[in-house]
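Below is one structure, written out as structure tokens, with a few remarks after it.
Protein chains in written order, with our numbering: chain A, 34 to 207; chain B, 34 to 207.
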């Protein structure tokens, strides 16, 4: 089993989800949302960073997964998302965790079997796959979906012969 | 005198400039560029963060200054700038430094006397004001300009009666 931290960074809310995954199974460790409030922009960004560092310190995940971002509504929201994403990724890399990026289609495909599934279907499948009694908030559900996607794909890729794994390494670079 | 760290974050190059400022004077402490190379996106963002933390640790600045960003060329470059900015601001706030944001016009006005000065004029004035023997790289010159702007405006504002200073506090929030 490997412990995976999924992160869904945002300027208002950063969702997180921790799972243990392996041998075709996945167990939820914890999930939730980071909502830094008050203070300056820099202090709120540090709030995201400090909360993620505390999570890593408490739960000791071995790898992290985030959604790759290509496009966004507009320039202002892209800048805000980028700032939250930068604080989160730098924090997790600073804790020594490798960060794996997956496209939205990869995440939906891994969790629902369909790359174009609706958001609500992803949330429903996250709850079902992990046997959760309550529905996680949307951002936490997305973070759990990223962790599930990474758990699923790393096992699938590990089963491939070494020569056919290049697509994965390429997919992780920018 | 107060030690100020100016930062010009970027996905490729993050400029920095440290000055000691006070009593209408400014002295350059050091300046340069952070260029994280190789590795994943998360590792490069952590490289920006680690380099800034090392700078703060070595030179012990008391306050930091950055340029406020409103618009950008396109969504993709805004996301990339945002990521570098998020890593940088979170790192500096994590070191306990208050981060002051200034508009491009405020920075140009403080350094050249004109809010619409050309980039090359800002660089020329930074070199002249700090008595530098060599011209800093563009990103380092911009970072020094931000530090000079903060040094200038904090002195000007300190001279104002308390009741008229509210614009500054408001200007620092987002």
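Every residue gets a Cβ at the ideal spot worked out from N, C-alpha and C, and that includes glycine. The model shown is predicted, which means the values in this text are computed figures rather than measured ones.
- At the C-beta level, residue 184 of chain B and residue 67 of chain B stay beyond 9 Å of one another.
- Taking 9 Å as the cut-off, the Cβ atoms of residue 134 of chain B and residue 86 of chain B do not count as close.
- Between residue 163 of chain A and residue 39 of chain A, the C-beta gap is not smaller than 9 Å, which leaves the two residues out of contact.
- The alpha carbon of residue 93 of chain A has as its nearest neighbour, out of A/52, A/114, A/82, the alpha carbon of A/52.
- A residue is called buried when at least 16 other Cβ atoms come within 10 angstroms of its Cβ; residue 58 of chain A does not meet this threshold and is exposed.
- Residue 159 of chain B and residue 147 of chain B have their alpha carbons spaced roughly 14 Å apart.
- Contact between the region 117-133 of chain A and the region 114-122 of chain B is present: 3 or more CB-CB pairs across the two stretches fall below 8 Å.
- As a beta-bridge residue in DSSP terms, residue 41 of chain B pairs with B/48.
- In the three-state scheme derived from DSSP, where H, G and I count as helix and E and B as strand, residue 183 of chain B is classed as helix.
- Counting C-beta atoms within 10 angstroms of its own C-beta, residue 77 of chain B has 16 or more neighbours from the protein chains shown and is therefore classed as buried.
- Proximity of chain A to residue 164 of chain B at the Cβ level (cut-off 9 Å) is not reached, the minimal Cβ distance being about 30 Å.
- Around the beta carbon of residue 50 of chain B, 16 or more other beta carbons sit within 10 angstroms, so the residue counts as buried.
- The Cβ of residue 125 of chain A sits closer than 9 Å to at least one Cβ of chain B.
- With contacts defined as CB atoms closer than 9 Å, residue 82 of chain A and residue 111 of chain A fail to qualify as a contacting pair.
- For residue 108 of chain A, the three-state secondary structure derived from DSSP is helix.
- In chain order, 148 place their CB closer than 7 Å to the CB of residue 142 of chain B, counting only its own chain and leaving out the 5 sequence neighbours on each side.
- Non-local C-beta neighbours of residue 80 of chain B in its own chain, meaning closer than 6 Å and more than five positions away in sequence, comprise 69, ordered along the chain.
- In summary, residue 96 of chain A is buried, with 16 or more beta-carbon neighbours lying within 10 Å of its beta-carbon over all protein chains present.
- Among the residues of chain A, those whose CB is under 7 Å from the CB of residue 82 of chain B are 123, 127, following chain order.
- Note: residue 172 of chain B is not bridge-paired with any residue in the DSSP secondary-structure output.
- Cβ neighbours of residue 63 of chain A within its own chain (closer than 6 Å, five residues either side excluded): 51.
- Scanning chain B for C-beta atoms nearer than 7 Å to the C-beta of residue 78 of chain A yields 119, 122, 123, 126, reported in chain order.
- Excluding its 5 nearest sequence neighbours in each direction, residue 46 of chain B has C-beta neighbours in its own chain below 6 Å: 66, 68, 172, listed in chain order.
- Interface flag for residue 131 of chain B against chain A is set, since a Cβ pair is found closer than 9 Å.
- Scanning its chain for C-beta atoms nearer than 6 Å, with the 5 sequence neighbours on each side dropped, one finds around residue 89 of chain B the residues 128, in chain order.
- Within the region 139-155 of chain A, no residue has its Cβ closer than 7 Å to any Cβ of chain B.
- Under the Cβ distance rule, residue 116 of chain B counts among the residues neighbouring chain A, one pair being separated by less than 9 Å.
- Using a CB distance cut-off of 9 Å, residue 160 of chain B does not count as an interface residue toward chain A.
- It is roughly 15 Å from the alpha-carbon of residue 169 of chain A to the alpha-carbon of residue 144 of chain A.
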